[in-house]
Amino acid sequence: MVSVLHNSPDGEESTVEPAAYWALPNQLIPDQGNRRPISQDSDGISLEAARESEPLTLEQHTALLARRRLLAEQGDDPEATRRHHARGKLTARERIEQLLDADSFTELDLFAQHRATGFGMERSHPSGDGVVTGFGTVDGRSVVVFAHDARVRGGALGETFAAKIHQVLDLAESIGAPVIGLNDGGGARIQEGVAALAGFGGLFARNVRLSGVVPQISVVLGSCAGGAVYSPALTDFIFMTRDTANMFITGPDVVRSVTGEDVSQAELGGAQVHAERTGVASFLADDEETCLDEVRYLLSFLPSNNNEAPPVVASSDDPDRRCPELLRIVPPNERTPYDIRAVIEEIVDDGEYLEVQAHWARNIVCVLARFDGRVVGIVGNQPMVLAGVLDIDASEKAARFVRMCDAYNIPLVTLVDVPGFLPGVDQEHNAIIRRGAKLLYAYCEATVPRIQVILRKAFGGAYIVMDSKSIGSDLSFAWPVNQTAVMGAEGAANIIFRKELAAADDPDQLRAELTKKYSDALLHPYAAAERGHVDDVIDPADTRRMIVRGLAFLRTKRHVQQIRKHPNEPL
0 MVSVLHNSPD GEESTVEPAA YWALPNQLIP DQGNRRPISQ DSDGISLEAA RESEPLTLEQ
60 HTALLARRRL LAEQGDDPEA TRRHHARGKL TARERIEQLL DADSFTELDL FAQHRATGFG
120 MERSHPSGDG VVTGFGTVDG RSVVVFAHDA RVRGGALGET FAAKIHQVLD LAESIGAPVI
180 GLNDGGGARI QEGVAALAGF GGLFARNVRL SGVVPQISVV LGSCAGGAVY SPALTDFIFM
240 TRDTANMFIT GPDVVRSVTG EDVSQAELGG AQVHAERTGV ASFLADDEET CLDEVRYLLS
300 FLPSNNNEAP PVVASSDDPD RRCPELLRIV PPNERTPYDI RAVIEEIVDD GEYLEVQAHW
360 ARNIVCVLAR FDGRVVGIVG NQPMVLAGVL DIDASEKAAR FVRMCDAYNI PLVTLVDVPG
420 FLPGVDQEHN AIIRRGAKLL YAYCEATVPR IQVILRKAFG GAYIVMDSKS IGSDLSFAWP
480 VNQTAVMGAE GAANIIFRKE LAAADDPDQL RAELTKKYSD ALLHPYAAAE RGHVDDVIDP
540 ADTRRMIVRG LAFLRTKRHV QQIRKHPNEP L
């Protein structure tokens, strides 16, 4: 260890470690009138020259730099690191090392320190101020990263802390690189007052400015409370670890004091709550290592910025491969459930896909996958859950996914098997009209290539919303068992022929006859094909090859955007 000896004001010698040495007043820095001897360090670098008249050599300065850098990286509280590991959590730098390609991280502002002077802040000036920022690569592609260091004041954000994040976000915008934020902090630093709040404001403004420009990924690995929650909320994806992550605006103590509700952190804003009930979390991971590996996997589906296409990978899966297994997976009876994910697995490259928000609004499925090596976003109704109806949560989940795909040049494939919108007082009173319109708006707004495949049924307004040709789908294919209409045949017969049924001697027999009549006339795919509402009725086994061919044809699609300040969507 390098140590520096200097004469104190009372004439006695004292030892100062490198970090403190560089923080000494200017009059104590080596110069012609004031010299301090520096002991030989463990590497054998002799600094005895400082006892003589010569100034410190470059080698001696370099030795001090190395020691100071080491202290800054390790932190000055080994016990805090031990406690952090005991909770099953990695340190900020360990997380970055796990996330990025080996030896690719370049740290910025390592020696930055806070400037606060009140409430005990003047007693400690840790290098980096509690956040690690910089850039590196994932699979050879540039990314920007910041990681809260919860060992330093609980990872709370202050003025310098925020300025470091602001800088790397500005760099990400300039070069067009994705941003990954590793969140583990307790909100604003109370001791810094409004300066900390302003730091959050600058962060939020940048999150919005970068939205749709570069992918922004938030990873919550511990606490994310108060104002800190809004930065992840403004980003494209949120990862949370099952047992250690939580997000809430007001914590359990405040909730208890204001409302009297006794609730734990996990019950209030744990990862499982946000993955299953609120939809805040896009992905749920069992541990930090798995979580960070999943972030890398997600990035493999995303472009670096909105001016690029997503990465293309070589695929050994024949683009013309037929899928006869689909005839077994999907029952012809529209009332029999099946798992739409089995359909997706059958048609995409190598059966591989990444599901977004898998645990929330499970009546609709949103995945990233590939056809012929090219990334595609797939939206599909899930007959296994609520028969695949659209409700408030499903509409909002799919709308956000569609808009993300459109922002980052990811073509859309929509697999339709929908009986309609979910009826009920609860849905109506919770604004299904406005919130359901979000999905309609998202599809109508999307300019990427769009292909619709109707598998079995597509009824009412839900058919329109699920990317029908009438709202701009480029290509629409239907299976031969498909039924597309305002509603099912029996319901339609009951309405159209209600007078005849009321007067009939045998209404059940008449209803069956009229239901068949309506079904034969309108409830088959050829009725839609005859009117140009679907482009072709296809053999289900040809679904993959038709999607691949359609996407290849649409690859050069162009769209002229109307000039406007911004749309006024039904938020």
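Read left to right, the sequence shown gives residues 0 to 570 (numbering that gives the first Met the number 0). In this text, a Cβ means the ideal position worked out from N, Cα and C, and glycines have one as well.
- When the five nearest sequence neighbours on each side are left out, the beta carbons in the same chain lying within less than 6 Å of the beta carbon of Gly-180 are those of Phe-145 and Ser-217, in order along the chain.
- With respect to the 7 Å criterion, Arg-150 and Ala-194 are not classified as neighbours on the basis of their beta carbons.
- Per the coordinates, the alpha-carbon of Glu-288 lies some 24 Å from the alpha-carbon of Asp-76.
- In the assembly as shown, Ile-237 is a buried residue. Its beta-carbon has 16 or more other beta-carbons within 10 Å.
- Contact annotation: the segment 479-492 touches the segment 526-538, with at least three C-beta pairs closer than 8 Å.
- Distance from the CA atom of Val-485 to the CA atom of Val-294, rounded to whole angstroms, is 42 Å.
- Taking C-alpha positions only, Arg-530 is separated from Ala-386 by approximately 28 Å.
- When DSSP assignments are scanned along the segment 82-120, the uninterrupted stretches of alpha helix (DSSP H) that are 4 or more residues long and fall wholly within it turn out to be 91-98.
- Per the coordinates, the alpha-carbon of Ala-91 lies some 21 Å from the alpha-carbon of Gly-269.
- In terms of CA proximity to Ser-299, Gly-139 leads the group Gly-139, Arg-86 and Ala-360.
- The residue from Val-452, Ile-450, Asp-416 and Ala-280 with its alpha-carbon nearest to that of Ala-461 is Asp-416.
- Apart from sequence neighbours up to five positions away, the residues of its chain that approach Arg-68 with a beta-carbon distance below 8 Å are Leu-109, ordered along the chain.
- Between the segment 396-411 and the segment 339-354 there are fewer than three inter-stretch CB-CB distances shorter than 8 Å, so the stretches are not counted as touching.
- Shown here for Val-378: same chain residues with a beta carbon closer than 6 Å to its own, the five before and five after excluded, namely Cys-365, Ala-397 and Thr-413 in chain order.
- Secondary structure in the segment 292-368: the alpha helix (DSSP H) runs of 4 residues or longer, each lying completely within the stretch, are 325-328 and 339-346 in chain order.
- Look at Asp-183 here: in three-state DSSP terms it is strand.
- By the Cβ neighbour-count rule, Val-253 is exposed, with fewer than 16 other Cβ atoms within 10 Å of its own.
- Note on Ile-450: 16 or more other CB atoms within 10 angstroms of its CB, so buried under the neighbour-count rule.
- Leu-89 counts as buried, since at least 16 other C-beta atoms from the protein chains shown sit within 10 angstroms of its C-beta.
- For Val-254, the enclosing alpha helix (DSSP H) stretches over residues 251-258.
- Ranked by how close their Cα comes to the Cα of Tyr-229, the residues Cys-322, Val-279 and Phe-104 have Val-279 in first place.
- Membership of Met-246 in the beta strand (DSSP E) is indicated by the continuous run 245-247.
- Taking the Cα positions, Asn-380 is about 59 Å away from Leu-64.
- Contact between Asp-534 and Ser-475 holds, since their C-beta atoms are separated by about 5 Å, short of 8 Å.
- About 15 Å separates the beta carbon of Pro-214 from that of Leu-99, a gap too long to meet the 8 Å contact definition.
- Comparing C-alpha distances from Leu-233 to each of Arg-369, Gly-250 and Ser-210 shows the shortest one belongs to Ser-210.
- When only Cα atoms are considered, Arg-544 and Asp-371 end up about 10 Å apart.
- Straight through space, the alpha carbons of Ala-308 and Glu-395 are spaced by roughly 25 Å.
- Exposure of Val-311 is indicated by the presence of fewer than 16 other C-beta atoms within 10 angstroms of its C-beta.
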